[in-house]
DNA sequence: CATCGTACTTAGAAGCTGACCA
DNA sequence: TGGTCAGCTTCTAAGTACGATG
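In full-length UniProt numbering, the protein residues as written are 1 to 805.
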């Protein structure tokens with residue numbers, strides 16, 4: 001199917017699934033071994049126990065506190081001091097804190113208290129040695145040597161003991177396991193094997209110089225040459241050489257329904273324009289927005305402009321939108337006409353490769369649903385017309401025809417320094433743009449995703465030094481430097497967002513640099529209580545123990561200010577990032593979030609995975625995922641039916657327990673030679689041996705336990721959103737490596753039942769798998785459904801996760 | 001340097017779909 | 001045979017980052 005179409009390079013074919021073109025070049029060659037080849041070989045690393053601590057001791061520390069830490073060879077001894085310091089483990093922090101603070105903030109419930117304690121000891125004060133800090137140079141404090149590869153370790157240290165040992169450990173460990181594929185240039189084997197897969201076809205790239213062979217089949221379309229591997233990678237540079245797409249699709253025009261609203265009880269005639277906006281409001285009746293005063297006020301102001309000053313409708317509260325609402329419900333019931341699929345808009349061809357477009361539909365008009373207390377909530381978001389849209393397309397590509405007769409695009413550009421295919425100004429906030437770009441499964445996005453994780457992983461090699469630097473600066477004379485130090489510390493330890501400045505016409509939320517005095521309370525002797533609204537107006541509440549010097553510095557920053565003043569009055573994100581860049585090229589505040597999330601995942605998986613069946617292992621993964629989500633403060637609102645669901649489960653458990661009683665009863669009777677009682681359902685019960693009863697009892701108990709666990713999990717996760725961290729923060733290579741080490745299927749296959757009640761769980765959902773595939777095979781994700789993950793050629797460093805890299 | 005403009009990532013919720021169940 | 005719910009996908013809001021500007 002699609003294949004053919006694809007061949008021609010036109011994107012119009014529309015079929016989704018088959019992806020035709022595959023990129024041959026792998027962007028990075030570092031690792032290209034086909035997954036399959038590696039998959040089942042077992043890696044030496046299988047043993048979880050081998051955790052090593054690298055610089056990350058720190059990491060461990062915290063975590064370990066919760067979990068059993070593994071002890072290394074002796075190393076540990078030293079760890080107390082040094083280790084902690086470094087490790088900002090967020091987790092720990094959070095946890096600890098949690099307890100305490102929990103009290104007040106209501107909503108935050110989400111963050112559950114971690115069990116363990118806080119790190120109390122974070123004595124982190126780093127050692128003086130720190131001095132090295134001065135810039136990047138210093139960085140090398142500890143590097144781990146990886147076995148074969150090039151990286152050497154240098155442990156410098158004074159503190160060292162910890163480190164040293166670690167290093168040693170690493171060496172030894174590693175040596176023992178040798179990983180052939182040490183990270184740097186692995187030789188890649190040609191991916192041929194994979195290539196063979198029937199479905200993939202490669203576009204031939206023109207003879208670009210660098211490109212290697214693989215020409216294989218030529219597509220007709222070779223007209224879209226593929227750029228040589230200079231894909232979009234980093235930033236700053238050329239993002240594509242050829243770009244072909246079909247523009248965007250517009251929502252259907254409004255069709256007046258003629259249903260009248262009531263004003264003071266009387267039907268009112270509205271023009272189609274007035275009716276359209278009234279309908280937008282009417283259909284929101286069951287949402288929380290509907291009753292929010294600001295939402296109503298903003299809506300009213302905009303609607304009134306359409307009604308005109310002298311319209312008979314003078315007051316929103318006197319309007320009864322019920323007729324429209326009822327009409328809307330009826331419409332919903334009817335089978336709605338299938339909306340246009342937009343096949344032809346779904347694909348773009350970038351450098352000869354067919355790629356999915358992420359959002360080719362122009363946003364329909366509606367009422368703005370801002371999160372939190374957004375000043376513009378309820379305002380009318382106007383319809384976007386072709387004349388609002390700027391397209392970006394290859395110079396030689398045909399310019400998409402404007403789908404609305406008689407209208408035209410605002411502008412057509414040919415800018416290959418950007419990745420967007422089209423944009424328009426957001427009608428709510430004209431200073432912002434809405435971009436149309438490729439989907440997450442595209443090579444472009446995959447490449448930048450990988451770059452992101454590489455940057456985070458690289459931070460591992462510098463974190464010691466960074467921590468030493470900020471620790472030293474906790475007492476800097478210069479306030480500005482002291483604020484940078486403390487802010488960096490908070491970002492490192494708590495995974496806070498940078499905190500850019502915001503306009504007044506946006507919701508009032510903050511990040512690290514924009515924290516207000518009132519958001520941070522000092523709790524003697526050295527705890528800080530945070531309470532603020534972050535991105536999306538999600539509340540962050542956490543009480544954590546901090547370094548005494550940090551505690552003191554925060555006290556100084558707060559002194560003499562009112563609650564609404566900036567805590568870090570001398571700081572903003574550009575200063576902070578400029579400083580971070582001095583320490584490590586390319587480093588910015590957000591990298592710490594990625595780093596913290598991924599290192600936590602890696603450490604937890606290594607420490608917590610035990611022998612057991614797949615389900616038990618998956619629980620470990622979910623637990624780690626949950627920890628990461630908590631660190632990142634990813635919350636979700638409790639579903640409306642949550643309470644009922646829990647109750648239903650509780651009811652079932654009760655039933656099972658009743659059944660258990662019956663079983664036990666019958667066991668007794670069987671032992672005494674009596675026949676079983678009739679079941680509560682009135683059915684006759686077979687007479688069986690006591691052993692058989694015991695077996696049934698055991699099964700019943702397992703069932704009960706499982707259901708209780710499930711209920712507990714559900715309750716625990718009711719406010720925790722796992723998806724965001726999985727998609728954006730956890731390096732998928734860590735997941736893949738763990739799956740391979742522990743023989744856990746990577747994809748979820750909830751349908752595969754091996755026994756009643758027993759599902760085989762994989763680890764990861766479609767999106768995460770798609771991202772993993774992306775690192776090599778950008779197109780496969782869309783066609784994934786037709787082939788199994790394990791046979792997919794994934795070029796990953798699967799046997800080396802962060803701790804070993 | 002402070003602002004502004006631009007581009008790209010990260011986020012929670014809404015919406016959809018198909019399996020499963022009373 | 002409709003109701004539920006898990007698991008996705010889609011949608012679009014809301015962040016980060018950084019270069020240009022004055």
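In this text, a Cβ means the ideal position worked out from N, Cα and C, and glycines have one as well.
Model, not experiment: these values are computed from the prediction.
Under 7 Å, do residue 403 and residue 251 count as touching if we go by C-beta distance?
The residue you call residue 403 lines up with position 403 of the first chain. The residue you call residue 251 lines up with position 251 of the first chain. Not in contact: residue 403 and residue 251 (Cβ atoms no closer than 7 Å).
Residue range of the beta strand (DSSP E) that includes residue 347
In the first chain, residue 347 corresponds to position 347, counting from 1. Here the beta strand (DSSP E) through residue 347 covers 347-350.
For residue 281, I'd like the list of residues in its chain whose CB is within less than 6 Å of its CB, leaving aside the five on either flank, ordered along the chain.
Working through the first chain from its first residue, we reach residue 281 at position 281. Result list for residue 281: 299, in chain order.
With DSSP run on the structure shown, which of helix, strand or coil describes residue 422?
Within the first chain, numbered from 1, the residue matching residue 422 stands at position 422. Residue 422 falls in the strand class under three-state DSSP.
Reference residue 551, options 395, 618, 398, 521, closest by Cα:
Taking the first chain and counting its residues from 1, the one referred to as residue 551 is at position 551. Selected option, being the one with the closest Cα: 521.
Assuming residue 283 contacts residue 359 (C-beta within less than 8 Å), just tell me the rounded distance between them.
Position 283 of the first chain, counted from the start, is the residue given in the question as residue 283. Position 359 of the first chain, counted from the start, is the residue given in the question as residue 359. Not quite, the Cβ-Cβ distance comes to about 23 Å (not below 8 Å), so this is no contact.
Per-residue DSSP class, three states only, for residue 295
For the purposes of this step, residue 295 is identified with residue 295 of the first chain, where counting begins at 1. Under the three-state reduction of DSSP, residue 295 is assigned to helix.
Quick one: using the 10 Å Cβ neighbour count with 16 as the cut-off for buried, is residue 398 buried or exposed?
As a first step, residue 398 must be located in the first chain, where it is residue number 398. Classification for residue 398: exposed.
In whole angstroms, what is the alpha-carbon distance linking residue 738 and residue 405?
Indexing the first chain from 1 puts residue 738 at position 738. Indexing the first chain from 1 puts residue 405 at position 405. Using only the alpha carbons, I get a separation of about 55 Å.
Put residue 572 into one of helix, strand or coil per three-state DSSP.
Indexing the first chain from 1 puts residue 572 at position 572. Here residue 572 sits in coil by DSSP.
Between the C-alpha atoms of residue 228 and residue 642, what's the straight-line distance to the nearest angstrom?
The count along the first chain starts at 1 and reaches residue 228 at position 228. The count along the first chain starts at 1 and reaches residue 642 at position 642. Confidence at residue 228 is low in this model, with a pLDDT of 33, below 50, so the placement of that residue should be treated as unreliable; the coordinate-derived value is given next. About 52 Å.
Host beta strand (DSSP E) of residue 591 (start-end)
Here residue 591 refers to the residue found at position 591 of the first chain. Per DSSP, residue 591 belongs to no beta strand (DSSP E); it is in the alpha helix (DSSP H), 589-608.
Taking contact to mean at least 3 C-beta pairs separated by less than 8 Å, is the stretch 531-542 in contact with the stretch 631-647?
With a cut-off of 8 Å, the stretch 631-647 and the stretch 531-542 count as touching, because enough Cβ pairs lie within range.
Within 7 Å, strictly: CB atoms of residue 513 and residue 534:
Residue numbering aside, residue 513 sits at position 513 when the first chain is read from its first letter. Residue numbering aside, residue 534 sits at position 534 when the first chain is read from its first letter. No, the pair does not count as a contact, with Cβ atoms beyond the cut-off.
Quick check on DSSP: helix, strand or coil for residue 262?
The residue labelled residue 262 in the question sits at position 262 within the first chain. Strand, per DSSP.
Own chain, CB closer than 6 Å to residue 557, minus 5 neighbours either side, in chain order
For the purposes of this step, residue 557 is taken as the residue at position 557 of the first chain. Cβ neighbours of residue 557 beyond the five flanking positions: 567.
Find the nearest neighbour of residue 302 within the set 377, 351, 291, judged by alpha-carbon distance.
Against the first chain, residue 302 aligns to sequence position 302. For residue 302, the nearest C-alpha among the options comes from 377.
Determine contact between the stretch 727-745 and the stretch 621-630, defined as no fewer than three beta-carbon pairs at a distance below 8 Å.
yes
Return the CA-CA distance between residue 508 and residue 419, expressed in angstroms with no decimal places.
Taking the first chain and counting its residues from 1, the one referred to as residue 508 is at position 508. Taking the first chain and counting its residues from 1, the one referred to as residue 419 is at position 419. Those two C-alpha atoms are separated by around 31 Å.
How would you write the range of the alpha helix (DSSP H) that residue 522 sits in, first residue to last?
Position 522 of the first chain, counted from the first residue, corresponds to residue 522. Not the alpha helix (DSSP H): residue 522 falls in the beta strand (DSSP E), residues 520-523.
In the structure shown, what three-state DSSP assignment does residue 428 receive?
Your numbering for residue 428 matches position 428 in the first chain. Three-state DSSP puts residue 428 in coil, outside helix and strand.
Just to confirm my understanding: we take residue 593, look at its own chain, exclude 5 residues before and 5 after, and list those with CB closer than 6 Å. What are they?
In the first chain, the residue the question calls residue 593 occupies position 593. Excluding positions up to five away in sequence, the list reads 495.
Residues near residue 662 in its chain [Cβ-Cβ closer than 6 Å; skip 5 each side]:
As a first step, residue 662 must be located in the first chain, where it is residue number 662. If we look at residue 662 and ignore the five residues flanking it on each side, it has no Cβ neighbours.
Between residue 528 and residue 510, is the Cβ-Cβ spacing less than 7 Å?
Your numbering for residue 528 matches position 528 in the first chain. Your numbering for residue 510 matches position 510 in the first chain. Contact: no.
Cα-Cα, which of 393, 329, 401, 407 is closest to residue 417?
As a first step, residue 417 must be located in the first chain, where it is residue number 417. Nearest option by C-alpha distance: 393.
With three or more C-beta pairs closer than 8 Å as the rule, is the stretch 343-355 touching the stretch 315-330?
Note that the stretch 315-330 does not touch the stretch 343-355; fewer than 3 beta-carbon pairs, one per stretch, sit closer than 8 Å.
For the structure I just gave you, are there three or more beta carbon pairs, one from the stretch 441-449 and one from the stretch 421-428, closer than 8 Å?
no
Return the residue from the list 361, 313, 713 that minimises the CA-CA distance to residue 248.
In the first chain, the residue the question calls residue 248 occupies position 248. Out of 361, 313, 713, 361 has the C-alpha closest to the C-alpha of residue 248.
For residue 613, the three-state DSSP class (helix, strand or coil):
If you number the first chain from 1, residue 613 lands on position 613. Residue 613: coil per DSSP, three-state reduction.
Backbone CA spacing between residue 483 and residue 490 [nearest angstrom]
Translated into positions along the first chain, residue 483 becomes position 483. Translated into positions along the first chain, residue 490 becomes position 490. Using only the alpha carbons, I get a separation of about 10 Å.
Which term fits residue 471, buried or exposed, when burial requires 16 or more other beta carbons within 10 angstroms of its beta carbon?
One-based indexing of the first chain puts residue 471 at position 471. Of the other Cβ atoms in all chains shown, 16 or more fall within 10 Å of the Cβ of residue 471; this residue is therefore buried.
Per-residue DSSP class, three states only, for residue 221
Position 221 of the first chain holds residue 221. In this predicted model, residue 221 has a pLDDT of only 31, less than 50, meaning its place in the structure is not dependable enough to derive any value.
Let me know the secondary structure DSSP gives residue 584 once reduced to three states.
Sequence index remark: in the first chain, residue 584 carries index 584 (1-based). Here residue 584 sits in coil by DSSP.
Element boundaries [beta strand (DSSP E), containing residue 540]:
Counting from one through the first chain, the residue named residue 540 turns up at place 540. From DSSP, the beta strand (DSSP E) with residue 540 extends over 539-545.
Under 7 Å between the Cβ atoms of residue 389 and residue 410?
The residue labelled residue 389 in the question sits at position 389 within the first chain. The residue labelled residue 410 in the question sits at position 410 within the first chain. Yes, the Cβ-Cβ distance between residue 389 and residue 410 is below 7 Å.
Could you tell me which of 714, 454, 387 sits nearest to residue 422, measuring between CA atoms?
Reading the first chain from its first residue, position 422 is the one you call residue 422. Comparing Cα positions, the closest option is 387.
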